[in-house]
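Novice: Before anything else, here's the structure in question.
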Amino acid sequence: MSGKLIVLEGIDGSGKSTQYKLLCERLAAEGREFKKLVFPRYDNESSALIRMYLGGEFGSDPSDVNAFAASSFYSVDRYASWKTDWGDYYRAGGLLLADRYTSSNAVHQGSKLPPEQRAAYFDWLEDFEYNKLGLPKPDMVIYLNVDVETSLSRMRERSEKTGAQRDIHETHADYLRLCTQSGADAAKRFGWRRIDCVKNGAMRGIDDIHGEIYSAVAGILR
Ligand SMILES: Nc1ncnc2c1ncn2[C@@H]1O[C@H](COP(=O)(O)OP(=O)(O)OP(=O)(O)O)[C@@H](O)[C@H]1O
Ligand SMILES: [Mg+2]
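Just add 5 to the spot in the sequence shown (first one is 1) and you have the numbering used here.
Laid out in C-alpha cells, this is it:
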C-alpha cells in the first residue's frame, strides 16, 4: 500500500502558498485526513545549505552555484523530511499535500542550463530523487503558470506588505524569466497539470484559480 502525494508548483510569486492554504482548508472542511508538507523547510537543520545558497554565501547570483549542486541542497532537505516526518504515513496509505517538491528543482535549477541540456538534467533529477534517494513520485503536480511580470509584481506587493527580505532568486528578473521557460519544459516532460493563472494580461481571481485546482484534485481523490 502506498499513499498519495499532490504537489503545488510554480515560479516565485505564482500563488502556490495562497492556493495551498485554500486547498488545505477546503479538504479539511470536507473532513479529509491529510498531512501538510511545505518545502524548503527553512526552520529545519536540513535546510542549512539552502539558506546559505539563498542568502548569497556561495555567490550573489543564482548561477554561482550550478544546477546539480543547488538541486542536491533541496533534495537532501526533502530526504530528511521523508525519513523523519512522513515516510511511515505515506507507506500506510496517507494523503500528502505539498507546497513545492522535486518539481521546484526542475523549474529553478533547470533554468540554469541551456534549453538543449534540460532534458538530460530532468532525467538526472528524476533518477536522483526518486530512484537513488527513494523519495516517492507525486501522483499529481499542479503547475501554476504565470508570466515573469506577474511574478515580479506579486513579490513586490508581498514584500511591501510583509517587509520580508527578498532572496537571490527573487531579485534576479532574468533568472525568473528563464524559470518560466524551464517550468514550461518541465511541465511537458513530467506531465504536470498546468493551470494558466493569467488571462488577458491580468492574474485571475484567487477563488477562480482555486476552483480549477480543486476540481483537478477532487478528480484523483475519488
Ligand atoms: N490570484 C491572485 N491574484 C492576486 N494576488 C495574488 C493571487 N494569488 C496570490 N496573490 C498574492 O501574490 C503574492 C504571492 O503569492 P504566494 O505567496 O501565494 O506565492 P508563492 O508562489 O507561494 O511564492 P513563493 O514562491 O515566493 O513562495 C501574495 O502577496 C499573494 O497574496
Ligand atoms: Mg510560497
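A virtual CB, placed ideally from N, CA and C, is assigned to each residue, including glycine.
Since the model is a prediction, treat every value here as computed from it, not as a measurement.
Which stretch, first to last residue, makes up the alpha helix (DSSP H) that contains Lys26?
Specialist: It spans Lys21 to Ala34 - the alpha helix (DSSP H) in which Lys26 sits, taken as one unbroken run.
Novice: Would you list the residues sitting across from Lys204 in a DSSP beta bridge?
Specialist: The partner list for Lys204 (beta bridge, DSSP) reads Ala207.
Novice: If you measure from the CB of Asp17, is any heavy atom of ligand 1 nearer than 8 angstroms?
Specialist: Correct: Asp17 has its Cβ closer than 8 angstroms to ligand 1.
Novice: Could you name the residues, in chain order, whose CB is less than 7 angstroms away from a heavy atom belonging to ligand 2?
Specialist: Those residues are Lys21, Ser22 and Asp104, given in chain order.
Novice: What is the C-beta distance between Arg199 and Tyr148, in whole angstroms, given that I count them as a contact (C-beta under 8 angstroms)?
Specialist: Correct: roughly 5 angstroms between the Cβ atoms.
Novice: Just the Cα atoms here: how many angstroms apart are Lys88 and Ser52?
Specialist: In a straight line, the C-alpha of Lys88 is about 14 angstroms away from that of Ser52.
Novice: One question on the structure: do Tyr180 and Ser116 come within less than 9 angstroms of each other, judged by their Cβ atoms?
Specialist: Yes, the pair counts as a contact, with Cβ atoms nearer than the cut-off.
Novice: Hey, Ile11 and Leu140 are a contact pair by Cβ (cut 8 angstroms); roughly how many whole angstroms apart?
Specialist: Ile11 to Leu140, Cβ: 15 angstroms. No contact.
Novice: Have a look at Ala74 and Ser80 and give me their C-alpha separation to the nearest angstrom.
Specialist: Using only the alpha carbons, I get a separation of about 10 angstroms.
Novice: Per the contact definition of three or more C-beta pairs closer than 8 angstroms, is the stretch 102–111 in contact with the stretch 13–23?
Specialist: Taking 8 angstroms as the limit for Cβ pairs, the verdict is that the stretch 102–111 does touch the stretch 13–23.
Novice: Could you check if Lys193 is buried or exposed, using at least 16 other CB atoms within 10 Å of its CB as the buried criterion?
Specialist: The residue in question, Lys193, is exposed, as its Cβ has fewer than 16 Cβ neighbours within 10 Å.
Novice: Beta carbon of Glu38, beta carbon of Gly92: below 9 angstroms?
Specialist: No, they are not a contact pair.
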